[in-house]
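First comes the structure, then the notes that go with it.
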Amino acid sequence: MYSEKVMDHFQNPRNVGEIDGASGVGTVGNAKCGDIMRMYLDIDENHIIRDVKFKTFGCGAAVATSSMATELVKGKTIEEALKVTNKAVMEALDGLPPVKVHCSLLAEEAIHAALWDYAEKNDIKIEGLEKPKSDIHEDEEEEEETY
Ligand code: FES
16 MYSEKVMDHF
26 QNPRNVGEID
36 GASGVGTVGN
46 AKCGDIMRMY
56 LDIDENHIIR
66 DVKFKTFGCG
76 AAVATSSMAT
86 ELVKGKTIEE
96 ALKVTNKAVM
106 EALDGLPPVK
116 VHCSLLAEEA
126 IHAALWDYAE
136 KNDIKIEGLE
146 KPKSDIHEDE
156 EEEEETY
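In terms of our numbering, the sequence shown has 115 at position 100, counting the first letter as 1, and numbering is strictly consecutive.
As structure tokens, this is what we get:
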């Protein structure tokens, strides 16, 4: 059911942890399953992502996609990191079962949320970056409304 790459990144996730004093931190929740992910970015003055770490309270596919996503954005510019979509991450992992596609969104959204946080802290605008919609607080509110 899972590719070897997915299993590898699930069993040996890269870049797990936190970054003290990170340039940007993003926390997102998956509305479908309630899983949570936090992404930390360390960005230098040339807008290059020097380091990236993540923590997740989520399923195996979320762990594997976040791990791969961190590998894909590390050393990249902000603009390049923005192009790392969940589709790109899934391709790099040789695919995910259809029921697990929503899990890969968590990584993409967490990166965007962390970039948004970085932009806000530095009072800059990142071209093409939209305010993260799956901010964790918004999800909680949505759930309250549904029940
Ligand atoms: Fe929740 Fe995969 S089932 S992120």
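Ideal Cβ placement from N, Cα and C applies to all residues, glycine included. These numbers were taken from a predicted model, which means no experiment stands behind them.
Distance, Ser119 Cα to Pro112 Cα
Along the sequence shown, read from residue 1 onward, the residue named residue 112 stands at position 97. Along the sequence shown, read from residue 1 onward, the residue named residue 119 stands at position 104. So the two alpha carbons sit approximately 11 Å from each other.
Between Val99 and Lys68, which are expected to be in contact by the criterion C-beta below 8 Å, what is the C-beta distance as a whole number of angstroms?
Position 84 of the sequence shown, counted from the first residue, corresponds to residue 99. Position 53 of the sequence shown, counted from the first residue, corresponds to residue 68. Not confirmed; about 16 Å, so no contact.
Whose CA, out of Glu123, Leu108 and Asn45, lies closest to the CA of Tyr17?
For the purposes of this step, residue 17 is taken as residue 2 along the sequence shown, with counting starting at 1. If we check each option's Cα against that of Tyr17, Leu108 comes out closest.
Is Lys20 helix, strand or coil when you go by DSSP?
Indexing the sequence shown from 1 puts residue 20 at position 5. Three-state result, Lys20: helix.
Please go through the region 101-147 and give each complete alpha helix (DSSP H) segment of 4 or more residues, from N-terminal end onward.
101-107 and 116-137
Suppose contacts are defined by Cβ-Cβ distances below 9 Å. Is Glu145 in contact with His127 by that definition?
Here residue 145 is taken as the residue at index 130 of the sequence shown, counted from 1. Here residue 127 is taken as the residue at index 112 of the sequence shown, counted from 1. Cβ distance < 9 Å, so Glu145 and His127 count as in contact.
Taking Cβ to Cβ, would you say Ile139 is nearer than 9 Å to Ala96?
Taking the sequence shown and counting its residues from 1, one reaches residue 139 at position 124. Taking the sequence shown and counting its residues from 1, one reaches residue 96 at position 81. Not in contact: Ile139 and Ala96 (Cβ atoms no closer than 9 Å).
Three-state class that DSSP yields for Val99 in the structure shown
The residue you call residue 99 lines up with position 84 of the sequence shown. Correct three-state label for Val99: coil.
Reduced DSSP category for Gly75 - H, G, I as helix; E, B as strand; rest coil:
Along the sequence shown, read from residue 1 onward, the residue named residue 75 stands at position 60. In the structure shown, Gly75 sits in a helix (DSSP, three-state: H, G or I).
Out of Ser82, Glu142, Met52 and His117, which has the shortest C-alpha to C-alpha gap to Thr92?
Position 77 of the sequence shown, counted from the first residue, corresponds to residue 92. Thr92 has its Cα closest to that of Glu142, out of Ser82, Glu142, Met52 and His117.
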